[in-house]
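Since the structure comes first, as structure tokens, the remarks are kept for the end.
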Amino acid sequence: EWSLCLPTTCPARAGRCETVPLHCLRQAKVAIVLAGCGLYDGSEIHESSAVLVHLSREGAQFYAPDIDQMHVVDHVKGQPTQEKRNVLVESARIARGNIKDLAKLNVKELDALIIPGGFGVAKNLSTWAVQGKNFTVSKAVEDTLKAFHAAKKPIGLCCISPVLAAKIFPGCELTVGHDTECEKWPYAKTAETMKELGCKHVNKHVNEIHVDAKNKLVTTSAFMCNAPIHEVYDGIGKMVKEVLRLA
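Every number in our numbering is 28 more than the matching position in the sequence shown, counting from 1.
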């Protein structure tokens, strides 16, 4: 006979069940914060979809800031256009319309936070794209991250989004993949910059994660690696699974 399972006591979440039972009445509710729609000016669509697929048996709620994008990029030409687009409106494309303004997020109603990657993180959620290590994180995003951290609720970050934690939580442990640049790791210099911000970078392959147990931060490199999409998908799956275990 099944009883009510809470995230902190559920044997499935603790890894003590051979299979994860679908009976669990207390599902984790996870906030997914998006930064637009598309690799070059928003959230990376494949990463965002992978997060949602791995959360499909849980409760997920999309959020995005109601602000203008830094700019709009033609994804065929890879060049900026003269258009103006709104981050919340564009993020709704990924969320199939089921999305809320980030300003309305209430950490008390949620169990965990996940932020997929994409250049929108570096352009719309922060100024990383133009200022490098001297960047700032938007107030709404910083407040959200700090609220989950203060509540000791887990945070999952993939691709470029770990730089947000590097800025906000000095001394934390993170991964964006490897710290030696090569064809497979074209963005490896990001790891060095994160070290300069005072965090510990841990080299991990694309299908691996790093867990900072003290800060409840779970990170994976995703498309920071020039890897097949199935490897990115597997790494994100491990990230989501660990975030749920910590919730």
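Built from N, CA and C at the ideal position, the CB exists for glycine as well.
Note that this is a predicted model, so its numbers are computed, not measured.
Between which two residues does the beta strand (DSSP E) harbouring residue 185 extend?
183 to 186
Unbroken alpha helix (DSSP H) runs of length 4 or more, entirely within the stretch 129 to 188: which are they?
147 to 151, 156 to 159, 167 to 178
My output table needs one value for residue 51: the three-state DSSP class, helix, strand or coil.
Summary for residue 51: the model assigns pLDDT 43, below 50, so the residue's position carries little reliability; its value from the coordinates is reported in the next sentence. Three-state result, residue 51: coil.
For residue 89: DSSP bridge partner residues
59
Assess, as a yes-or-no matter, whether the stretch 143 to 151 is touched by the stretch 61 to 76 under the definition of 3 or more beta carbon pairs within less than 8 Å.
yes
Tell me, which residues are paired with residue 253 by DSSP?
The partner list for residue 253 (beta bridge, DSSP) is empty, contrary to what the question assumes.
Taking the alpha carbon of residue 183 as the point to measure from, which residue in 76, 158, 140 has its own alpha carbon closest?
140
Please classify residue 227: is it buried, with 16 or more other beta-carbons within 10 angstroms of its beta-carbon, or exposed?
buried
For residue 77, the three-state DSSP class (helix, strand or coil)
helix
Using the rule of at least 16 other Cβ atoms within 10 Å of the residue's Cβ for burial, across every protein chain shown, is residue 65 buried or exposed?
buried
Roughly how many angstroms separate the alpha carbons of residue 260 and residue 112, rounded to a whole number?
30 Å
Kindly list the residues whose CB is nearer than 6 Å to the CB of residue 275, restricted to its own chain and excluding five residues on each side of it in sequence; keep chain order.
35, 56, 139, 140, 182
What number of angstroms, rounded off, separates the C-alpha of residue 53 from the C-alpha of residue 98?
Low confidence applies to residue 53: its pLDDT is 47, below 50, so where it sits in the model is not reliable enough to give any reading.
Are residue 208 and residue 238 touching if we call contact CB-CB under 7 Å?
no
May I ask you to report which of helix, strand or coil DSSP gives residue 84?
coil
Proximal residues to residue 265 (C-beta, below 6 Å), its chain only, five neighbours per side dropped
82
Distance, Cα to Cα, residue 107 vs residue 77?
24 Å
Same chain, Cβ closer than 7 Å to residue 79, neighbours up to 5 away in sequence not counted:
60, 142, 144, 264, 268
Going by the DSSP bridge assignment, what does residue 107 pair with across the sheet?
102
Look at the Cβ atom of residue 255, then the Cβ atom of residue 75, and state whether they are nearer than 7 Å.
no
Using beta-carbon positions only, say whether residue 101 and residue 129 come within less than 7 Å of one another.
no
According to DSSP, is residue 206 helix, strand or coil?
coil
Looking at the structure shown, is residue 223 part of a helix, part of a strand, or coil, going by DSSP?
helix
Tell me the rounded alpha-carbon separation between residue 176 and residue 134.
10 Å
Quick one: grab the DSSP three-state call for residue 236.
coil
For residue 218, which residues from the same chain have a beta carbon less than 6 Å from its beta carbon, with the 5 sequence-adjacent residues on both sides left out?
204
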